[in-house]
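Top to bottom, those sequences are chains A, B and C.
If you read the first sequence in this note's numbering, its first letter stands for residue 1, the second for the next number, and so on.
If you read the second sequence in this note's numbering, its first letter stands for residue 1, the second for the next number, and so on.
If you read the third sequence in this note's numbering, its first letter stands for residue 1, the second for the next number, and so on.
Presented below is the structure to which this report refers.
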Amino acid sequence: MSLSESLRSVTSGARSVSRLGEALAKQSRSVRWSFGAICILALYLLPWWPNVPVLGWIVETPGTSFPSVLTDQVVIFVLVALGLNVVVGLAGLLDLGYVGFYAVGAYTVAILSSQHANLPWLLCMPIAVLVSMLAGVILGTPTLRLRGDYLAIVTLGFGEIIRITANNMHWLGDSRGISNIATPPSIGPLKFGVLDAKPYYFLGFTTILIVIFLLRRLENSRVGRSWNAIREDEDAAELMGVDTFKFKLWAFAIGAAIGGLAGSLYAGKVQFINPNNFPLQLSILFLAAVVLGGAGNMWGAVVGGALVAWMPERFRGFADKRVFVFGVALVLVMVFRPQGLIPRKIRKERWLESWKPSSGTALGSKE
Amino acid sequence: MKKSTLLRVSAIAVSLAFVTAACGSDSDSSVTEDTVASEVTEDTAAAAVDGVTCEGVSIAFFGALSGDAGNLGKNIRAGADLAVSEFNTANPGCQVGLVDFDSQGDPAQAPALAQKAIDDAGILGIVGPAFSGESKAANPLFDAAGLAIITPSATNADLNDNNWKVFHRALAGDDKQGPAIATYIQKTLAAAKVGVIDDASEYGKGLADIVKTTLGDAVVASDSIDPKAADFSAAVSKMKEAAPDAIFYGGYYAEAGKLAKQLRDAGVTATLVFGDGVKDNGFIEAAGPAADGSIITCTCADGASNAEFAAAYTAKFPGETPQTYGAEAYDAAKAFLAAIAAGKTDRAGVLEFLGTYDAAGVTKQIKWDETGEVAGNAVYAYKVEAGAIAVIGLIE
Amino acid sequence: MRDWLIYRTFWDLTVTGVALGSIYALVALGYTLVYGVLRLINFAHSEIFMIGTFASLITATNVLGLPMLEAGDYPYRTGFQLVLILLACLLGSMVLSGAGAVALERAAYRPLRGSGDQFGAIVLAFVTAFVVGLVFFDTPKSNLIFGIIGTGPIAWMYLNIFRRGRQAPRLAFLISAIGASTAITEAVAIWGPRDREQYQTPRVLEKKTLFQLFGTDIRIDYVIVIIGALLMMTALLLFVNRTRLGRGVRAVAQDVETAKILGVNVDFVILITFLLGGVMAGGAAMMFTLVYDQSKFNIGFLLGVKSFTAAVLGGIGNLKGALLGGIVLGLAENYGSALFGGEWKDVIAFVLLLVVLMFRPTGLLGESLAKARV
């Protein structure tokens with residue numbers, strides 16, 4: 001009869017999901033692949049879910065358009081959460097100004113396709129990703145030598161600097177923003193117009209799949225292992241010969257690039273951006289999405305991003321009160337499930353299996 | 001671990017109940033127009049003789065009802081609400097619904113809401129979007145869907161540069177207001193030296209820039225403030241040093257109140273002049289005695305001075321008087337209702353009807369040119385006297 | 001044009017900059033204290049400040065019965081009466097802000113440290129029941145009743161969960177802080193009598209010019225703010241450096257584990273730290289209302305960000321650094337706004353921070369609370 005119980009049911013649901021994952025891992029390759037394929041297909045059909053009886057009633061967003069919520073909010077938040085998860089979850093760098101990179105991506109597309117040139121979206125998008133990446137390197141080079149919490153306020157400042165600069169510079173469209181941004185080119189039956197949001201969703205979801213694939217490769221590579229080492233103990237990693245600065249900068253740049261990618265998708269969908277689209281509060285929401293889902297776990301970031309974007313639209317009926325409920329929910333989840341809804345699994349190396357440390361310490365969630 | 005299965009099942013059941021209840025409560029709030037619509041069918045047979053008949057049609061309000069700008073949106077919605085309920089009383093056979101789209105003034109939420117409005121085939125016209133930013137985000141969608149919009153409050157000058165064929169405005173834009181403000185400052189106030197401050201927002205800076213260009217060399221000092229900050233001492237020091245005869249501030253009422261107070265505290269005696277964003281009692285509350293003698297201009301008419309409208313408003317909302325843009329919203333809704341009364345039941349018909357619409361509204365003669373601008377460019381001047389905003393007449 | 005303006009308004013900008021900087025500094029103390037002891041960015045500290053401004057408002061209007069306006073003018077008071085009113089407001093702000101900070105610590109942070117107690121459980125349970133009540137009821141009153149009824153069983157359940165005593169990762173504290181901050185601001189915005197509109201506080205102090213310095217009027221409210229901030233600051237430094245409790249605070253800041261072994265009640269010390277931060281924010285809030293006579297549900301956010309910037313600028317964890325950082329930031333914002341225009345104010349603040357951190361990676365004074373000496 002309480003939120004905490006429903007909360008617990010959510011977390012137990014998450015637990016059963018992870019247990020399902022473990023069960024699947026034991027299955028043969030073909031079973032795993034077909035299960036994955038079915039899931040992906042079902043998610044591609046997400047815009048039609050509201051028409052399915054029970055499921056539809058759960059996911060629908062009364063009061064606003066469901067496919068548009070998917071493209072404008074859910075896809076963007078999931079992408080951003082994936083990118084921020086690289087910075088916060090994998091490398092352990094606290095970034096409170098991630099909205100800055102998102103804005104850089106969106107503004108690059110806007111400037112190149114509408115404000116100062118007429119390049120097609122398909123050309124602007126990679127440029128936007130590169131520019132955001134560059135912004136990440138430019139910001140990271142002087143600041144990544146700072147200790148963790150100093151980094152938080154510096155990145156927060158960076159996000160604000162980007163927004164205020166866009167607001168005050170005529171060249172960037174100032175407070176009026178930029179309209180008529182180019183849309184992605186239509187491919188066959190996929191028409192990227194104004195009224196149908198579904199093609200944008202297919203594009204966005206495909207992008208998410210590609211990003212997840214690339215990130216998985218990265219996580220299991222030397223870079224991923226270095227991030228792991230830096231996050232757990234930076235000094236020890238340094239002593240072991242990891243070039244911590246280089247790998248932190250890599251995390252920052254990759255995170256920034258994904259943020260810019262999300263920004264370019266957003267600009268291509270809504271075709272109008274202004275500085276009010278990139279407030280400081282959005283950075284905080286992004287971070288909340290990552291930590292709520294489970295920092296360090298890619299699937300956690302996906303779930304967290306989707307939930308943070310979708311919940312306020314699902315509970316539109318609460319109107320004014322939904323932000324309050326969101327705040328309370330954040331505190332409760334952190335108090336009762338501090339590792340997030342889907343916590344990061346500590347990789348069980350084979351030699352660790354035989355050597356069991358005392359369970360239930362700082363990082364080990366017993367359940 | 002064994003008992004947890006049972007626990008989990010019950011917990012899921014509980015959480016489902018929680019969600020059910022949540023949905024129950026949110027459908028309650030948006031159901032008003034549906035109940036109206038279903039009553040219609042019963043009434044149609046009984047009272048079809050009286051007035052026009054129609055079924056399942058509605059108009060929509062698009063703007064902020066919650067969030068920081070919620071109050072402004074509520075004033076606008078009230079005007080539209082009054083027009084709709086008057087219409088429904090007069091035409092029992094045609095009950096028009098009023099659907100709300102609460103954008104919170106946030107351009108990021110606007111496209112999805114606009115899409116929802118478009119998907120609802122019963123909606124024939126939009127009163128709104130209330131602000132310029134959300135207009136730019138939502139209007140392309142309305143334009144593509146051919147759904148007519150009449151904004152009662154978005155005055156940004158460049159809104160009609162976009163060739164939106166569905167765009168209409170129930171009041172003159174800032175390109176009319178800005179020069180009028182400049183004229184007022186130079187002619188009526190006879191100010192030789194003018195200071196201009198803005199809040200770096202789309203509306204405030206846009207208006208302040210027009211005033212600045214029109215005044216030219218008369219502007220001796222200008223600055224921007226951050227509306228979210230509490231302290232404006234840099235701008236205040238600048239004005240104090242430049243000692244202008246009049247100071248124009250482009251921005252909204254809450255900051256205008258703080259600014260007026262800080263200017264007076266610092267000993268600045270110049271006449272304060274504001275645009276339509278300041279025409280709200282919140283300004284007087286925020287500024288206190290510092291508001292006295294301030295000039296506020298608005299392309300909006302004073303709803304309260306139209307006795308008939310004010311009486312109807314107070315009858316519908318006991319204890320309240322028409323607020324800023326309420327009368328414009330009333331006129332906007334009236335135009336849509338006239339289209340419905342004329343038997344237009346599809347969007348194209350309504351849009352076409354608006355092109356030829358020409359009727360006396362509460363605020364002015366309502367007639368649109370091909371760009372959607374309302375005919376006539378009346379700009380009114382108001383003055384704060386003894387803690388109230390009183391109209392002092394048309395400018396020019 | 002801008003160049004000559006800054007020369008001529010230099011002293012004006014200096015006085016207002018130092019006054020605003022003093023308020024930044026007092027709020028920054030709260031960030032610095034908590035950071036020094038817990039290594040936690042207390043994101044909700046800005047809301048403690050906001051509560052303080054409202055406490056001042058409530059004390060002045062509801063308790064002392066002061067009107068907003070008296071015969072069309074501000075309700076000015078003089079002499080002894082004025083002093084009493086100001087002290088009452090100060091006391092109200094300090095008490096409520098201090099209590100708020102303590103409640104925040106016990107409900108939103110302590111359970112995360114694995115030592116949650118009844119108080120935290122009750123607060124969290126009440127909030128939970130209240131939120132569930134939102135689903136079923138529309139009026140705040142029935143909601144409140146539902147919340148109170150629901151508190152008992154939920155609190156019992158929470159307490160059982162607390163017994164597991166897990167230490168959460170540091171990021172969880174930050175998100176909990178962000179959640180608490182959001183919930184507090186929104187609660188004021190939703191259930192406050194004026195919703196999201198601005199509130200005014202009665203102005204009892206006539207802002208007279210006391211004297212002139214370099215051709216600039218020095219107003220009485222600025223003098224009170226600057227002297228008041230210095231006094232509070234000194235009191236805090238004396239407390240931390242000279243008293244037994246203060247020694248405990250320094251010990252925990254230096255090394256939690258060792259302090260625990262040596263018999264320091266760590267949870268109590270943390271509570272005291274939050275209380276001190278809250279009281280300082282309360283004092284800042286009262287002075288803020290004295291100068292600007294206003295309050296709003298989100299008034300803390302930007303000021304909190306700036307104060308945190310000030311704390312980092314001076315060297316987070318360093319009490320004197322907070323003072324220096326606050327004043328440097330206040331001045332830089334004022335001079336910068338005059339030079340480049342007010343729209344660039346925040347950019348100036350953050351660029352200054354960036355530059356300082358590049359040359360002094362731990363801030364201007366860059367020491368920790370543990371080493372603070374008079």
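Ideal Cβ placement from N, Cα and C applies to all residues, glycine included.
- Here residue 110 (chain C) is buried, its C-beta having at least 16 other C-beta atoms within 10 Å.
- Contact with chain C is absent for residue 185 (chain B), since none of that chain's Cβ atoms lies less than 8 Å from the residue's Cβ.
- Counting every other CB atom within 10 Å of its CB across the protein chains shown gives residue 258 (chain C) a total below 16, marking it as exposed.
- In the three-state scheme derived from DSSP, where H, G and I count as helix and E and B as strand, residue 199 (chain B) is classed as coil.
- Residue 368 (chain B) is bridged by DSSP to B:374.
- Beta-bridge annotation (DSSP): residue 61 (chain B) is paired with B:100 and B:127.
- A direct Cα-Cα distance of roughly 8 Å separates residue 189 (chain B) from residue 271 (chain B).
- Secondary structure note for residue 390 (chain B): its beta strand (DSSP E) is the uninterrupted segment 388-394.
- In this structure, residue 11 (chain C) lies away from residue 302 (chain C), with their beta-carbon atoms at least 8 Å apart.
- Under the three-state reduction of DSSP output, residue 212 (chain C) falls in the strand class.
- Among the CB atoms of chain B, one or more fall inside 8 Å of the CB of residue 68 (chain A).
- Annotation: residue 113 (chain A) is outside any beta strand (DSSP E) and is labelled neither H nor E by DSSP.
- For the pair residue 333 (chain B) and residue 321 (chain B), the CB atoms are not nearer than the 8 Å cut-off.
- In the DSSP assignment, residue 384 (chain B) falls within the unbroken beta strand (DSSP E) covering 380-385.
- The beta-carbon of residue 342 (chain A) is placed no less than 8 Å from the nearest beta-carbon of chain C.
- When the beta-carbon positions are compared, residue 290 (chain B) and residue 260 (chain B) come within less than 8 Å of each other.
- Per the coordinates, the alpha-carbon of residue 161 (chain C) lies some 53 Å from the alpha-carbon of residue 75 (chain C).
- Within chain A, the residues whose beta carbon sits less than 7 Å from that of residue 358 (chain C) are 142, listed in sequence order.
- One Cα belongs to residue 66 (chain C), the other to residue 292 (chain B), and the distance between them is close to 22 Å.
- Rounded to whole angstroms, the separation of the alpha carbons of residue 395 (chain B) and residue 184 (chain B) is 7 Å.
- Taking 8 Å as the cut-off, the beta carbon of residue 158 (chain B) is found no closer than this to the beta carbon of residue 191 (chain B).
- In this structure, residue 286 (chain C) lies away from residue 232 (chain C), with their beta-carbon atoms at least 8 Å apart.
- Here the stretch 225-237 of chain B does not lie against the stretch 273-285 of chain B, with fewer than 3 beta-carbon pairs under 8 Å apart.
- Between residue 50 (chain C) and residue 185 (chain C), the gap from beta carbon to beta carbon is short of 8 Å.
- With fewer than 16 neighbouring CB atoms inside 10 Å of its own CB, residue 390 (chain B) falls in the exposed class.
- Counting along the chain, residue 323 (chain A) sits inside the alpha helix (DSSP H) bounded by residues 322-336.
- In the displayed model, residue 256 (chain C) falls within a helix according to three-state DSSP.
- Going by beta carbons, residue 19 (chain C) and residue 328 (chain C) fall outside the 8 Å limit.
- Its chain contains 255, 258 and 259 as the residues whose beta carbon lies nearer than 6 Å to that of residue 83 (chain A), once the 5 sequence neighbours on both sides are disregarded; these appear in chain order.
- Excluding five sequence positions before and after residue 227 (chain A), the CB atoms of its chain that fall closer than 7 Å to its own CB belong to 90, 91, 247 and 251, given in chain order.
- Residue state for residue 55 (chain B) is assigned as coil, using DSSP reduced to three classes.
- About 6 Å separates the Cβ atoms of residue 107 (chain B) and residue 277 (chain A), confirming a contact at the 8 Å cut-off.
- Within the same chain, Cβ atoms closer than 7 Å to the Cβ of residue 68 (chain C) are found at 200 and 202, the five residues on either side in sequence being excluded.
- Per DSSP, residue 87 (chain C) is one residue of the alpha helix (DSSP H) stretching across 79-104.
- Among the residues of chain B, none has a CB under 9 Å from the CB of residue 70 (chain C); the nearest is roughly 10 Å distant.
- Going by beta carbons, residue 204 (chain B) and residue 251 (chain B) fall inside the 8 Å limit.
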